[in-house]
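Trainee:
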Amino acid sequence: MKLSTKGRYAVMAMADLAAASGGGPVTLAEIASRQSISLSYLEQLFAKLRRADVVTSVRGPGGGYRLSRQADEIRISDIITAVDEPLRATRCSNAKGCLADGRRCVTHDLWDELSRHIFLFLSSVTLEDVTQRRVQGSASGASGRLDRAVGLLMNHEAAE
């Protein structure tokens, strides 16, 4: 599954906003400059983020955007769903199925479950985790535990 530009840019911009705000509003022009994202594209994304109550806007001189809640209360999945980014690994575009005759393909459940895992992972990561760089290695820790569990199981079965 590949996350589109819309979702990636929204998360980048929100991480920039969280890191740069210091309590005051941040302009989209500042974010656009730092992240090399088109200002008009950011305007579209932030309109959706505002409607989803992920950010609030401050009008007037010195205005801009600020987070609507603390960074540790905003999940990455909140940001991605706010900009209407589908988190689907299946190719199905409707409830029927992925094949021309409406049936589901044999791998549908695999990709559907992958989509759920991706959503669960993004729901477990906060904006603060990203800005504090606490995401790196989080998946490898789980992988290491799985490797140890499989190793213990293999040793147990070999002993029987």
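Mind the numbering: the sequence shown is residues 0 to 159 in numbering that gives the first Met the number 0, read in order. Virtual Cβ for every residue (Gly too), placed ideally from N, Cα, C.
Here's the rule I'm using: 16 or more other beta-carbon atoms within 10 Å means buried, otherwise exposed. How should D15 be labelled?
Mentor: Classification of D15: buried, given that the 10 Å Cβ count is 16 or more.
Trainee: By the 10 Å Cβ neighbour count, where 16 or more other Cβ atoms means buried, how is T125 classified, buried or exposed?
Mentor: Classification for T125: buried.
Trainee: Hey, quick one: how far does the beta strand (DSSP E) through V54 stretch, first residue to last?
Mentor: From DSSP, the beta strand (DSSP E) with V54 extends over 54 to 57.
Trainee: I need the boundaries of the alpha helix (DSSP H) containing G21, first residue and last residue.
Mentor: Per DSSP, G21 belongs to no alpha helix (DSSP H) and is neither H nor E.
Trainee: Kindly indicate which three-state DSSP category G6 falls into: helix, strand or coil?
Mentor: Residue state, collapsed to three classes: helix.
Trainee: Using a Cβ-Cβ cutoff of less than 6 Å, which residues in the same chain neighbour L48 once the five nearest sequence positions on both sides are dropped?
Mentor: Closer than 6 Å at Cβ, skipping near neighbours: V54, A81.
Trainee: At the level of alpha carbons, what is the spacing between G22 and M13?
Mentor: Distance between the alpha carbons of G22 and M13: 14 Å.
Trainee: Would you kindly check if the distance between the Cβ of G63 and the Cβ of V10 is under 9 Å?
Mentor: Not closer than 9 Å, so no.
Trainee: Terminal residues of the continuous beta strand (DSSP E) containing R162?
Mentor: Missing from the structure shown is residue 162; the chain here goes from 0 to 159 and no further.
Trainee: Specify, as a first and last residue, the run of the alpha helix (DSSP H) that V129 falls within.
Mentor: Residues 126 to 130.
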